[in-house]
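Residue numbers (this note's numbering), protein chains in the order written: chain A, 1 to 241; chain B, 1001 to 1382; chain C, 2001 to 2397.
A quick write-up on the structure given underneath.
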Amino acid sequence: MSEPIIFVDDLHKVYRTGSVLVRALRGIDFEMAAGEFVSLMGPSGSGKSTLLNLIAGLDKPTSGRVTIGGQVISDMDEATVARWRSAHVGFVFQFYHLIPVLTAYENVELPLLLFNMSAAQRRQQVLTVLELVSLSHRLTHRPGQLSGGEQQRVGIARALVTDPMLIVADEPTGDLDTHTSDEILDLMQAVHESLEKTILLVTHDPRAAGRAQRRVQMDSGRLSVETEALQIDNCKLQIEN
Amino acid sequence: MVPASYNYRNLIVRWKTTLMTACGFMLVVAALIIMLAFVNGVRTVCAESGQPENVITMKQGCSDEILSQMDKRMVSRIEATPGVLRGDDGWPLASRELFMAITQRNEETQQYVQIQARGMYPVALLVHTQVRITRGRMFRRNHREVVLGIGVAREHQIHVGDKLPMGQLEWDVVGIFEAGGSAFESEAWCDMDQLAGHFHREGVYSSVVLRTASPAAAQQAVEYLENNRAVAVDVLSETDYYEKQAQQTNVLRAGAIVVSVFMAIGAVFGVTNTMFAAIGERVKDIAVMRILGFRRSEILISFLLETLLIALIGGALGMLFGYAINGLTLSTALGGKSVAFAFKVDAPILAIAGVFTLVMGVIGGLLPAMSAMRVEPLEAMR
Amino acid sequence: MIIANCKLKIDPVLKFLNLFLKNLGRNKVRTTLTALAVIVLVVIYTFAATVTDTINRFFDSHSSQSRLMVREKWLIPSCFPIRYVPKIASVSGVEDWTVWHFYGVFFDDAGHAGAGIATRIDNLREMHPGLENLDPALIDAMKRERTGVLMGQRLMEQMNWRVGQRFSVNSFTHPGKNLQFKIVGVLGADAWSRNFFFRQDYYREGVGDMDDVNIVWLRVSDVETGKRVAADVEHLFQTSRAKLRAETESAGVSRVASRTKTVINIINFVVAILLIDMVIVLANSISMTVRERRVEMAILKILGFQPSFILVMVIGEAVAVGAGGGLLGAGLAYAFTWLNSAGQLPFRIDFLVEFPVPAKFILHGFVVGALVGFAGSVIPALGTRKVRVAEAFSDAG
């Protein structure tokens, strides 16, 4: 296992809904090593989405720090963190969230528009990742013309295209049937293994969580259980049985 | 029937869009009413000014009193027209008048004020019977006195007892008159000889107005004068004369309608947009209603009703704003004259505005409602 | 992969154009309806603005401070003895002068009218704004032809006359004094398009009106001289039978302009309403668009696009629709009046012939449309700042 690249120190998050103060995170300490695949589980309202948002630099903590790759992202201002995010974090969503008017190719290309790259450079990169998710034959299709599984592959390709150090996946199989879910999880696992990506997977689904090297359980704003390095092969076996 | 409360609640939920769309309607309706009220106000002035028993004569070729100049000889011949009523003293009820637009520069502000003066003899009041002195008294013969139409008095804030500069001299304002909202209310009336003397127009008249017993008699007098080679005059019944003046507003009225129609088309596109968006958001609602057993026609009516509701809110607001202008007095150029008028919003104008509202609502709602009608329930629920 | 070495830089140009254009095409019905609304409103806006613009341009072209108008002090229409003219012209400071005799006519029984002006021909170009560039050959031709007229362009078109043609008129200002004319040339200027100029000597002989003149025009070197000359002229006739008023042309014009005030105000009011209407239609359309795309905007934010980019994208969309609609609307209005004037339409709206839409209004429509798009989209676009990234996630916990 390589050096840790994500440090979360005593993270607190309090926000207000109406007149109620919600203590979403109550002191989280958490680390992830480079190239690690961690799943984050927990019931609705346990704070896992909040944690995800803070790690991805989408929100600011009430107190505590998030350090990724040596940079304290919890201290960055919104514009800086947005640029940082575009280069270092890839996102995969439950509902794919592709832009309906753009083709598969253009959806994947979208994050690259934020970089100072030539069209040829972008093209090369986009084709590479689409090849990786086995969608080279669907370049000009729009999301509406793709199946759910295919859309999620486009989503994964979009997350990969900027070559980020961290991929955050939020219930990536939540909207898919069992068979397609397995395909997507296989793909993610392949991404983890062959590209050595660091992956944080948020899920309700124990089978999906089982694909990770390490499972983290959240409850009421605290980390409750950490299951160290489950044997992936065991998991696979269980599922197949 | 889909309950109207469904539509009503949805409008409330999307209140910003509802209000904005309704604002489009409001603007159209308000603008329409204000433009028509302007035209209507000016036309009312003209309609009030003419009396069908009166015949107005001017120098041939002059469409407007301001250009007309006649001499004593011609005027005497006109006065001899058969059918003209006679007063108690036996003289014909024929009012010789000298109409002049006098531009007066206010030496302090350097602003120009135009005073429209009408010189006349006492017989004028027997001819222009709609004129009533409401404050003060009539001017006296051979005195430098004027009575002001209520329109002038209001516009320039002049009261009985004030001085009115006309030409080199100041004239005493001795009375204020009303004349049923007619163009005369925009004039200053004074003694013929005083006016002519001061402006070197002795023996020159702009018009002669003849009083006859009836509209028919007036018509006969018109024909008599038209066929009389000895007097080269343009002759019209007073009603026709002012009707002709009113026709100058025809272009304005046509313009008002055209502008409103174009604005209405804009508003129709706006409401169509809104309703397409509303239906897009509620495809599932529609599907549920269809599954519950509502017929296509009921869906159509429901959404048409919703559009009409928006239209009515906008239309009502527009009428409210439009009506606010009712009675506002301004003055405008009409031919060579300037007349004071009051914006007049009346029932026909409100009716036109109402029809505009409904037509816009129906046209704007039809396409979206038809698309709502065509929603296939099972497909939409998927 | 290449990314790691690339410098981060948002390049706000062509590469985003695709996204932008596709967004426009997303809800084709809405974009079309919104654009149509803008087009229709800009067409009528252009007509209304043209009317006020034409009137204002007329007044502007007569706003000289170095030309003085001398007229009867009180009366409209002005009229005073011609024997005053030499005295006026000899006031020191007067560099040049001319006279006007009004001669209003009907050309036919259908009521086609024109305003004739009898004046000095030798300095016609120098004394009339807008005629400075008149062909000097026409002046020479007028000097040779006693009955010659220089016709306004609109009159020529209206009567379908040709240069060289003779015609007679029916005067309503001078009944029975009907002159015959020969067309020597056409005036190019817009401002005089309903007038015709002819020789003063022919007028005085033909009409037999030897005594009166309507207006005298004076040219002076500068504003200060103008003020003194005006005062001198007024003083000179202080005690005479007809008093005179001398004022700069711009002062005279502003007096006339005040008479059209009510109608101009109403047109301006309509123009304002039209603009507000356009803003509302666009704002409504854009806010619906924004509402439907909140999640997408959250995604863009998550992908690293700045809130300002999303703001610009929304505003840009509205500006594009507005500007495009404005361009088309103004273009249509321009084409319409042009075809209308040229008689290329199956009908002819005479009123619009008086107010041809100038070509510059096409650009004007474009700019107005863009501004309206901007005004209509600022508030909905600012609303996108409230889009929370959490809206993209499965669980709002």
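Even glycine gets a Cβ: it sits at the ideal position worked out from N, Cα and C.
Straight-line Cα distance separating residue j from residue i
| i | j | result |
| --- | --- | --- |
| residue 1373(B) | residue 1362(B) | 15 Å |
| residue 199(A) | residue 159(A) | 11 Å |
| residue 57(A) | residue 2326(C) | 42 Å |
| residue 1155(B) | residue 2266(C) | 19 Å |
| residue 2352(C) | residue 2110(C) | 19 Å |
| residue 1333(B) | residue 1301(B) | 49 Å |
| residue 2216(C) | residue 2060(C) | 20 Å |
| residue 2273(C) | residue 2213(C) | 46 Å |
| residue 1054(B) | residue 2329(C) | 50 Å |
| residue 191(A) | residue 197(A) | 7 Å |
| residue 2339(C) | residue 2094(C) | 46 Å |
| residue 144(A) | residue 103(A) | 9 Å |
| residue 2397(C) | residue 14(A) | At residue 2397(C), the pLDDT of 42 sits below 50, so the modelled position is not reliable and the matter cannot be decided from this model. |
| residue 2202(C) | residue 1220(B) | 41 Å |
| residue 2043(C) | residue 2030(C) | 20 Å |
| residue 2036(C) | residue 1266(B) | 7 Å |
| residue 17(A) | residue 146(A) | 38 Å |
Beta-carbon neighbours of residue i, restricted to chain C and to distances below 8 Å
| i | result |
| --- | --- |
| residue 1035(B) | 2266, 2270 |
Any C-beta of chain C under 8 Å from that of residue i
| i | result |
| --- | --- |
| residue 1370(B) | no |
| residue 1200(B) | yes |
| residue 37(A) | no |
| residue 79(A) | yes |
| residue 208(A) | no |
| residue 1023(B) | yes |
| residue 1020(B) | yes |
| residue 91(A) | yes |
| residue 86(A) | yes |
| residue 1183(B) | no |
| residue 83(A) | yes |
| residue 113(A) | yes |
Residue i versus the options, residue with shortest Cα-Cα distance
| i | options | result |
| --- | --- | --- |
| residue 1308(B) | 1365(B), 1083(B), 1041(B) | 1365(B) |
| residue 2387(C) | 2377(C), 2374(C), 2290(C) | 2290(C) |
| residue 2362(C) | 2347(C), 2377(C), 2333(C) | 2333(C) |
| residue 1130(B) | 1181(B), 1259(B), 1320(B) | 1181(B) |
| residue 1011(B) | 1174(B), 1310(B), 1330(B), 1247(B) | 1310(B) |
| residue 1329(B) | 1323(B), 1272(B), 1304(B), 1151(B) | 1151(B) |
| residue 1192(B) | 1208(B), 1354(B), 1087(B) | 1208(B) |
| residue 1049(B) | 1237(B), 1228(B), 1060(B), 1144(B) | 1237(B) |
| residue 1042(B) | 1186(B), 1168(B), 1023(B) | 1186(B) |
| residue 2312(C) | 2146(C), 2126(C), 2377(C), 2184(C) | 2377(C) |
| residue 2139(C) | 2240(C), 2178(C), 2120(C) | 2120(C) |
| residue 1116(B) | 1370(B), 1065(B), 1004(B), 1127(B) | 1065(B) |
| residue 1114(B) | 1034(B), 1356(B), 1153(B) | 1153(B) |
| residue 1073(B) | 1317(B), 1261(B), 1232(B) | 1232(B) |
| residue 37(A) | 218(A), 201(A), 220(A) | 201(A) |
Beta-carbon separation (whole angstroms), residue i vs residue j, contact threshold 8 Å
| i | j | result |
| --- | --- | --- |
| residue 2392(C) | residue 2302(C) | 6 Å |
| residue 2314(C) | residue 2384(C) | 6 Å |
| residue 1024(B) | residue 1271(B) | 7 Å |
Proximal residues of chain A, C-beta to C-beta of residue i below 7 Å
| i | result |
| --- | --- |
| residue 2296(C) | 99 |
| residue 2047(C) | None at all; the shortest Cβ gap to chain A is about 36 Å. |
Interface flag, residue i vs chain B, CB-CB below 8 Å
| i | result |
| --- | --- |
| residue 2010(C) | With a pLDDT of 45 at residue 2010(C), under the threshold of 50, the predicted position of this residue should be treated as unreliable, and no value is reported. |
| residue 2123(C) | no |
| residue 2277(C) | yes |
| residue 2285(C) | yes |
Proximity test, Cβ basis, 8 Å: residue i and chain A
| i | result |
| --- | --- |
| residue 2030(C) | no |
| residue 2386(C) | no |
| residue 2393(C) | yes |
Partners in chain A for residue i, counting only beta-carbon separations shorter than 8 Å
| i | result |
| --- | --- |
| residue 2390(C) | 49, 53, 58, 59 |
Under 7 Å by beta carbon: chain B residues contacting residue i
| i | result |
| --- | --- |
| residue 2074(C) | 1102, 1103, 1167, 1199 |
Neighbour list for residue i in chain C, Cβ cutoff strictly below 7 Å
| i | result |
| --- | --- |
| residue 1338(B) | 2259 |
| residue 1222(B) | Simply none; closest approach about 19 Å. |
Residue i: contacting residues in chain A (beta-carbon distance under 9 Å)
| i | result |
| --- | --- |
| residue 2026(C) | 100, 101 |
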